[in-house]
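Here is the structure we will look at.
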Amino acid sequence: MNTQDNPSLGTLLADLAQQVSTLVQTEARLLRAEISESVTKAEAGAVEVLGGAICLLAALLVLLQALVIALARLGLGAGWSALLVGVVVAVLGVVLLRTGMASMAPSELAPDRTQEQLKRDANVIKEQAR
Numbered sequence: 004m005n006t007q008d009n010p011s012l013g014t015l016l017a018d019l020a021q022q023v024s025t026l027v028q029t030e031a032r033l034l035r036a037e038i039s040e041s042v043t044k045a046e047a048g049a050v051e052v053l054g055g056a057i058c059l060l061a062a063l064l065v066l067l068q069a070l071v072i073a074l075a076r077l078g079l080g081a082g083w084s085a086l087l088v089g090v091v092v093a094v095l096g097v098v099l100l101r102t103g104m105a106s107m108a109p110s111e112l113a114p115d116r117t118q119e120q121l122k123r124d125a126n127v128i129k130e131q132a133r
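Anchor point for the sequence shown: position 73 equals 76 in the numbering used here, and the numbering is continuous, going up by one each time.
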């Protein structure tokens, strides 16, 4: 019998330890990449929230201006035009806020791929240990 055909228990354990170490390092790299991707998504969401907030502030100013003009003239003139513009800007702001908040939802930021890969790796390790 050749010892290379039947490796010792120590050799098998050393190989297993090496493979588990490599696996953990690979999973750590995947986790870092996925967290980085999540941070980028959160940053983009924050920019959209900020854009939405700025639009809503501008809408508020335009709507207030429109109300003043409408009350001053009590007719369909510049005030109603400003009101229409204010409503459009407000709708845009709401859309941006909702989109940004959805991008920052915890479910969007969770490292799903890493979790699934870790489950698969655990199953493989269990099978290898048998």
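Each residue gets a CB set at the ideal place from its N, CA and C atoms; glycine is no exception.
**OP:** Evaluate Leu99 with the Cβ neighbour count: other Cβ atoms within 10 Å of its Cβ, from every protein chain shown; 16 or more gives buried, anything less gives exposed.
**Re:** buried
Subject >> Cut-off 8 Å between Cβ atoms - residues of its own chain near Ala125, not counting five sequence neighbours on either side >> reply: none
Original post:
For Ala36, does the count of other Cβ atoms within 10 angstroms reach 16, so buried, or fall short, so exposed?
Top reply: exposed
Subject >> Cutoff 8 Å; reference Thr117; Cβ partners in own chain excluding five residues on either side >> reply: Glu30, Leu33, Leu34, Glu37
Original post:
Per DSSP, what kind of secondary structure is Ala125 in: helix, strand or coil?
Top reply: helix
**OP:** In the DSSP assignment, find the unbroken alpha helix (DSSP H) run with Val85 in it and report its ends.
**Re:** Residue 85 is actually Ala in this sequence, not Val. From DSSP, the alpha helix (DSSP H) with Ala85 extends over 81-106.
**OP:** Please decide whether Val97 counts as near chain B, where near means a Cβ-Cβ distance under 9 Å.
**Re:** In the structure shown, chain B cannot be found, because there is only a single protein chain.
Subject >> Cβ neighbours of Ala73 in the same chain (closer than 7 Å, five flanking residues each side left out) >> reply: Gly82, Trp83, Leu86
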